[in-house]
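Protein chains in written order, with the numbering used here: chain P, 1 to 510; chain B, 1001 to 1356. The structure appears right after this line, and notes come after that.
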C-alpha cells in the first residue's frame, strides 16, 4: 500500500551564509496527507519550493514518481510530473471568471482554436463531480471570498492533472468555517488517491488533518512522526526545541507600576491580512512587553492601529485614563514612537537625505523652528548630536539614505524614534531583523535603557529568543487576539509554542 | 505610477538636462536635414531672435515659471496636475474681469484684489480635481486634463458674451490703470517677472527649509513611511494641488495685469503643457524651473520667426520640444549611454590584457 511517490535525499540550500535547508531527507507516500510543521524560517517553504522547481537545490537528489530530477528544473517540469503548488498568495486573474481561471494556461488540453464554452463546462462538471464541490463558474474572481479563491486554485491544479498537491500555509487567510470546508475537501481528495503536502505552523490543523508529520527547525528535519501516535505537546516541543540560549535580563519588579496604555477589545476591518478580533493588551511604565506569535497573526495590524494608520472598528485605547478610541491618528504625535518592521517601506523615505529623514521625527519641535520655518542652525546642531550619539555612518547630513548600509539605515530609524524623549510608549516591531550582531546588541541595549528610564516598551518579534531575552512580560498573539499575557518567567518555550500554534490551556495540561 | 515618476526625477541635474538638450538639438538637426533645411540657419535664426527680443522671452518666461510651479509642487506631494492650461486661462480671465471693473479701489489694492480673485479661482479648480481624486478615487490626471477642455469652452463663451469688451474681437475690456502691474521703461516685462522669480525661490525655501515642506516632500516620495510619521498624506496631496492651482492662475493673472492688459481668447495657447515640460526638465526643482522656463521661452519666441525666415513650419518647435522631453524622461537615458561607452571601453581593456 505504501508506494513512495517523492523521495528527497540530503537536500541542502544556502541563502547567503545561512542554510535554509540542511541535508533534509523526505519521503512521501502515495495517497497520504503529510504535514510540514515548523516555525517561521524553519525551511518548510524553501523545501517545497525546491520540490516544485521554483528554487534549485545546492546538493541532494530528488526523485518524483520514479523520475530522477536534474539539478535545475522548472515548475512546468514539476507540473508535468503531476506536482502542483497552491501558494499563500493566490495567483489568479481577478478580472476573469472562475471557469477561465481554471483552464487558463492549460487550455490546449481541451480547446483547439476558439474558446468553446460548452467543452469547458463539460470539463468543469467532471472536476466538480470528482471533488464533490461546486463553484459558480461565471463569477469573477474578484467577487469571490478568499476561501472560494483557494478552491479555484486547487481545482486549477487538479485540472492540470496533478497527483501531488502542495499547499503553503493554506489556512492563514481563511475563517474557521472555511478551514473546515478545506479540510473536508482535502480528505475527499485523499480518498480519490491524491497525495497532499501541507505546510503549516498550526498544531491543531496538523492533528486534525494529517497522516504523518514532518517537523522542521532551523533548516533541518528534526523528526518524522505518525499523527496518530503523537500529541500537541510533543509537537510543540519538537517544533521550538528545548535549548535556552540567551541570558535573561533581570526582570524588574512590576507590582504597583502604572499602566501606560491599555488596549481593550480592539477590532479592525478584515482585509488581506489578519484582522484584530478583540485584542486586549496592557503596557506598564518601566516594563517590556514582548509579543510572541507566528507572523501574520495580527502583529502588523496592531502596529498600524498604534501608528494611527488603521482605524479600529470598535474597542478602546486608553492612555493615562484618557480614552483615545478612534482618534488614534493623534497618538503618534503625542505619546507613541514606532520602530516599524519594514524600514524601507515604513520607516524611511529613501530618496530623501539623512537630515530630512531624521527631521521627520522632530519637525514639530518648538525649539527647532520659528513659526513655520526651521531654525537652520539649531536643526544642524541638534541633528549632529543625534548622529554622533547613535554613531550613524557616514554621518553626512546631505547623504541620501538609500545609499547607506542596512545597519545604518536601521540606526537612522532608531535614532529618530528613540531620541524623542517625551514619548512614554515605544513600539518596536522586528527591530533587529536583518542586522548584524553588533547592531543587534546596540538595539537591545537601547530597548533595555528605555525600560530603565521608566518608559513602556512593546516589543514585537518573530524571534522567540529575542522576546525571551528582553521581555518582562510576554503576550502571545494568535489570530488577532492576545491568547495569554503573563510574566516572562511563567512561560517556558513549550508553553509559548503551544499558544503560538493556537493551542489552548487544556492541551497544555495533557 | 505616481511614485515611479517621483523616483525617476531625482535632483535637478544640470549636466543631464544640458546633455538632453544638446542631443535633442542634434536629432532636431537630422530632422531638419530631412526637411531639406539647413540646421545651422534654422537654429541661427531661432536663437538670434530669442536673444534680440530677450525682454519678450522674459515676459513669456514669467508665465511659464508659474506654469512650471503648477506642475512641480503637486508632483512633489505625489499628485499630477495636468490642468495648468485651464487654470492659467481661468486665472487670466478672472484678473481681466476684476481688473476691468471700476471698484473704486486705489491703485495697488485693486491689483492685489484682482490677483487674489484669480488665486481663488485657480484654487477652486485644482481643489475640485484633488477632491475627486481623494474622495471618489478619480485619477487627477484624467480630471485635470478634462477640466482643461471644459474651461477652454466656458472661458471662450464668457469672453464672447457677458464680458466682451470689444465689438471687433473676442476680448475683455482693458484692465484699468489701478489694477495694472507696473512695468519697466522700454522693455516688455513687468514686475510680474520679479514676482514669479521670487515665488519660485519661496517655493524652494518652503520645500527645503520648513516643516510643512518636508511633510509635503515625504508624502510624495513614500506615503507609507510618511503615514507612519503621523503625516496626513491625503491632506498633503490636497495642499499640493491647491498650491499648484494658485501658481497657474497667478501666471495667467500676471500676464493679463502686467503685459497684455486685456484677455483675448487665444492669449495662453500651450502654456500649461509647456509647464509640464518645464517642470520635467527641472526635475521639479523650483530654482531649476527659473532656468528651464527661460530656455523654453527662448525656443518659443525664437520659433516665431523660423517659418517666416526659413520656410520651416513652426511645428518643428513642438518636435524639438518633444525630443528634449523624451530624452529626459526615458529613465536614466544619459546614464545608459555612459555605461554603454564604459562597457565598450572596459571590454577593449580586457581584450588588451588577454593579448598581452
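Ideal Cβ placement from N, Cα and C applies to all residues, glycine included.
is_contact[residue i, chain B] using C-beta, thresh 8 Å
i	result
residue 77(P)	no
residue 530(P)	What the structure shows of chain P is the stretch from 1 to 510, and residue 530(P) is not part of that stretch, so it cannot be assessed.
residue 396(P)	no
residue 306(P)	no
residue 347(P)	yes
residue 356(P)	yes
residue 382(P)	no
residue 373(P)	yes
residue 431(P)	no
residue 298(P)	no
Same chain only: Cβ atoms within 7 Å of residue i, ignoring 5 sequence neighbours per side
i	result
residue 355(P)	383, 397 and 398
residue 1141(B)	1080 and 1082
residue 1155(B)	1089, 1090 and 1093
residue 29(P)	2, 3, 4 and 5
residue 1126(B)	1081, 1083, 1087, 1241, 1242, 1244 and 1245
residue 423(P)	335, 336 and 337
residue 106(P)	159 and 160
residue 313(P)	267, 268 and 269
Which of helix, strand or coil DSSP assigns to residue i
i	result
residue 1225(B)	helix
residue 84(P)	strand
residue 89(P)	coil
residue 1235(B)	helix
residue 284(P)	strand
residue 313(P)	coil
residue 471(P)	coil
residue 1128(B)	helix
residue 267(P)	strand
residue 274(P)	coil
residue 1042(B)	helix
residue 12(P)	strand
Minimum Cβ-Cβ distance from residue i to chain P less than 8 Å
i	result
residue 1243(B)	no
residue 1225(B)	yes
residue 1230(B)	yes
residue 1211(B)	yes
residue 1217(B)	yes
residue 1134(B)	no
residue 1222(B)	yes
residue 1214(B)	yes
Selected residue, minimal CA-CA separation from residue i, among the options
i	options	result
residue 1199(B)	1068(B), 1018(B) and 1050(B)	1068(B)
residue 1116(B)	1161(B), 1096(B) and 1154(B)	1096(B)
residue 1112(B)	1195(B), 1020(B) and 1160(B)	1195(B)
residue 1244(B)	1197(B), 1122(B), 1310(B) and 1218(B)	1122(B)
residue 1092(B)	1257(B), 1046(B), 1188(B) and 1132(B)	1257(B)
residue 1232(B)	1214(B), 1253(B) and 1249(B)	1214(B)
residue 31(P)	197(P), 467(P) and 346(P)	197(P)
residue 1087(B)	1218(B), 1104(B), 1293(B) and 1147(B)	1147(B)
residue 84(P)	155(P), 400(P) and 360(P)	155(P)
residue 1255(B)	1059(B), 1318(B) and 1033(B)	1059(B)
residue 283(P)	455(P), 268(P) and 50(P)	455(P)
residue 1015(B)	1209(B), 1281(B), 1044(B) and 1160(B)	1281(B)
residue 72(P)	427(P), 57(P), 46(P) and 65(P)	57(P)
residue 1174(B)	1225(B), 1261(B) and 1151(B)	1261(B)
residue 1208(B)	357(P), 297(P) and 475(P)	357(P)
residue 1183(B)	1177(B), 1176(B) and 1191(B)	1191(B)
residue 362(P)	211(P), 495(P), 475(P) and 421(P)	421(P)
residue 144(P)	238(P), 99(P) and 162(P)	99(P)
residue 1152(B)	1270(B), 1064(B) and 1043(B)	1270(B)
Integer-rounded CB distance, given that residue j should sit under 8 Å from residue i
i	j	result
residue 195(P)	residue 164(P)	5 Å
residue 983(B)	residue 1287(B)	The requested residue 983(B) does not occur in the structure, where chain B is confined to residues 1001 to 1356.
Chain-order list of residues whose beta-carbon lies under 6 Å from that of residue i (same chain, five-residue window excluded)
i	result
residue 43(P)	20, 21, 216 and 219
residue 1144(B)	1081, 1082, 1083 and 1129
residue 150(P)	none
residue 202(P)	501 and 502
residue 8(P)	26 and 62
residue 261(P)	283, 319 and 425
Same chain, Cβ closer than 8 Å to residue i, five either side skipped, listed in chain order
i	result
residue 471(P)	288, 289, 290, 459 and 488
Distance cut-off 7 Å: residue i Cβ against heavy atoms of the ligand SAM
i	result
residue 445(P)	This structure does not include the ligand SAM; it has no bound ligands of any sort.
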